[in-house]
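**Student:** One structure, as structure tokens, below. Some questions next.
Residue numbers (full-length UniProt numbering): 1 to 259.
Have a look at this one:
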């Protein structure tokens with residue numbers, strides 16, 4: 001006895017049903033990626049909030065390193081960690097007791113003077129200050145040698161012709177120096193506009209080790225990696241749904257078999 005028999009296409013996984021889309025393994029990996037991404041993303045921001053302080057610089061005293069209106073991130077440090085060449089944020093009563101940003105050019109025990117051959121001299125060594133505006137001398141006018149007392153710092157702005165710094169306080173009792181304890185933070189980067197990490201002041205290397213950069217790069221990597229994982233994991237469901245729907249459309253378009 002003959003007859004026509006129609007074959008029926010069984011529903012495929014990943015269709016347009018209301019159940020979960022994608023494989024169970026994919027769903028689990030997606031959830032894991034989102035969870036790990038959130039940990040990295042939020043953890044990176046939390047770490048940054050603990051380690052760094054944001055400031056907006058209102059003056060041009062640190063040009064071209066930091067321009068007026070630039071947004072900076074400064075790592076919280078103890079004043080004892082500050083080294084030559086560091087750009088620091090500090091407050092000192094004799095300087096107005098407001099946050100100021102300057103560069104440390106000499107520390108306790110150093111002798112600093114200017115200018116021979118247009119360069120700053122620290123402990124008898126001429127310092128190559130590559131961060132200064134090109135073609136400008138280390139100072140607009142000479143100043144006599146200053147021996148920095150222990151536990152204090154001698155600070156200058158990178159825009160030497162427009163900076164109220166240690167040279168403006170030479171007649172003070174501390175000869176223009178600031179206590180290490182006055183330092184709140186060390187500037188690591190200019191984040192707006194995105195100039196990035198500050199140049200390492202290699203001209204001070206003959207006098208001793210420089211400070212190491214803070215963990216900003218690591219924090220940035222954690223935040224970016226977290227964001228990628230969250231977005232990638234969250235995209236798994238919609239992508240799997242679209243893929244399943246496309247397969248279902250292809251399956252429904254296939255001709256049924258005849259026996």
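Yeah, the Cβ is synthetic: ideal placement off N, Cα and C, and Gly gets one too.
Keep in mind that this is a model prediction, so the values were computed, not measured.
What does a CB cutoff of less than 8 Å around residue 208 pick up in its chain, not counting 5 residues either side in sequence?
**Tutor:** Counting from one through the chain shown, the residue named residue 208 turns up at place 208. Only 83, 84 meet the Cβ criterion.
**Student:** By DSSP, does residue 126 sit in helix, in strand, or in coil?
**Tutor:** For the purposes of this step, residue 126 is identified with residue 126 of the chain shown, where counting begins at 1. It is a strand residue.
**Student:** Under a three-way DSSP split, which group does residue 237 fall into?
**Tutor:** Here residue 237 refers to the residue found at position 237 when the chain shown is read from its first residue. Of the three classes helix, strand and coil, the one that applies to residue 237 here is helix, per DSSP.
**Student:** Let's see if you can read the secondary structure: which residues bound the alpha helix (DSSP H) around residue 47?
**Tutor:** As a first step, residue 47 must be located in the chain shown, where it is residue number 47. 24-51 is the span of the alpha helix (DSSP H), which, as asked, contains residue 47.
**Student:** Rounding to the nearest angstrom, what Cα-Cα distance links residue 26 and residue 49 in this structure?
**Tutor:** Here residue 26 refers to the residue found at position 26 of the chain shown. Here residue 49 refers to the residue found at position 49 of the chain shown. Roughly 34 Å between the two C-alpha positions.
**Student:** May I ask which residues mark the beginning and end of the beta strand (DSSP E) holding residue 111?
**Tutor:** Within the chain shown, the letter at position 111 stands for residue 111. 111-116 is the extent of the beta strand (DSSP E) around residue 111.
**Student:** Taking the alpha-carbon of residue 142 as reference, which of 129, 96, 61, 170 has the nearest alpha-carbon?
**Tutor:** For this step, residue 142 is matched to residue 142 along the chain shown. The shortest Cα separation from residue 142 among 129, 96, 61, 170 belongs to 170.
**Student:** Where does residue 57 fall in DSSP's three states?
**Tutor:** Here residue 57 refers to the residue found at position 57 when the chain shown is read from its first residue. The answer is coil: DSSP assigns residue 57 none of H, G, I, E or B.
**Student:** Beta-carbon within less than 8 Å of residue 217's beta-carbon, same chain only, minus the 5 sequence neighbours each way: which residues are those?
**Tutor:** Start at 1 with the first residue of the chain shown, and residue 217 comes out as number 217. Correct list, in chain order: 197.
**Student:** Smallest Cα separation from residue 95: which of 164, 28, 43, 237?
**Tutor:** Taking the chain shown and counting its residues from 1, the one referred to as residue 95 is at position 95. Out of 164, 28, 43, 237, 164 has the C-alpha closest to the C-alpha of residue 95.
**Student:** Apart from the five residues just before and just after residue 61, which ones in its own chain have a Cβ nearer than 8 Å to its Cβ?
**Tutor:** What you label residue 61 is simply residue 61 of the chain shown in a count that begins at 1. Closer than 8 Å at Cβ, skipping near neighbours: 101, 102, 157, 158, 159, 162, 163, 164, 165.
**Student:** DSSP three-state label for residue 219, please.
**Tutor:** In the chain shown, counting from the first residue as 1, residue 219 sits at position 219. Helix, per DSSP.
**Student:** State the DSSP-derived secondary structure class of residue 77, mapped to helix, strand or coil.
**Tutor:** Here residue 77 is taken as the residue at index 77 of the chain shown, counted from 1. Residue state, collapsed to three classes: coil.
**Student:** Quick one, which of 154, 87, 77, 81 has its alpha-carbon nearest residue 64's?
**Tutor:** Here residue 64 is taken as the residue at index 64 of the chain shown, counted from 1. Comparing Cα-Cα distances from residue 64 to each of 154, 87, 77, 81, the minimum goes to 87.
**Student:** Taking only three categories from DSSP, how would you classify residue 232?
**Tutor:** As a working note, residue 232 is residue 232 in the chain shown. Correct three-state label for residue 232: helix.
**Student:** Go through the region 179-209 residue by residue and report every complete run of the beta strand (DSSP E) that reaches 3 residues or more, in order.
**Tutor:** If we require 3 residues or more, the beta strand (DSSP E) runs fully inside the region 179-209 come out as 183-192.
**Student:** Return the CA-CA distance between residue 90 and residue 44, expressed in angstroms with no decimal places.
**Tutor:** One-based indexing of the chain shown puts residue 90 at position 90. One-based indexing of the chain shown puts residue 44 at position 44. Residue 90 and residue 44: Cα-Cα distance of roughly 26 Å.
**Student:** Just the C-alpha distance for residue 78 and residue 126, rounded to the nearest angstrom, thanks.
**Tutor:** Position 78 of the chain shown, counting from 1, holds the residue named residue 78. Position 126 of the chain shown, counting from 1, holds the residue named residue 126. Using only the alpha carbons, I get a separation of about 28 Å.
**Student:** First and last residue of the beta strand (DSSP E) that includes residue 106?
**Tutor:** Taking the first residue of the chain shown as 1, we reach residue 106 at position 106. Residues 100-107.
**Student:** Starting from residue 71, follow its DSSP beta bridges and name the residues at the other end.
**Tutor:** Position 71 of the chain shown holds residue 71. Partner(s): 56, 192.
**Student:** How many angstroms separate the CA atom of residue 205 from the CA atom of residue 128?
**Tutor:** As a position in the chain shown, residue 205 is number 205, starting the count at 1. As a position in the chain shown, residue 128 is number 128, starting the count at 1. Their backbone Cα atoms lie some 10 Å apart in a straight line.
**Student:** Within 10 angstroms of its Cβ, does residue 226 collect 16 or more other Cβ (buried), or is it exposed?
**Tutor:** Indexing the chain shown from 1 puts residue 226 at position 226. Buried, because 16 or more other Cβ atoms sit within 10 Å of the Cβ of residue 226.
**Student:** Classify residue 116 as buried or exposed, calling it buried when 16 or more other Cβ atoms lie within 10 Å of its own Cβ.
**Tutor:** To locate residue 116, count along the chain shown from 1; it is residue 116. Exposed is the call here.
**Student:** At the level of alpha carbons, what is the spacing between residue 148 and residue 106?
**Tutor:** Residue numbering aside, residue 148 sits at position 148 when the chain shown is read from its first letter. Residue numbering aside, residue 106 sits at position 106 when the chain shown is read from its first letter. Taking the straight line joining both Cα atoms gives about 7 Å.
**Student:** Taking DSSP as the reference, what is the three-state secondary structure of residue 94?
**Tutor:** As a working note, residue 94 is residue 94 in the chain shown. Three-state result, residue 94: helix.
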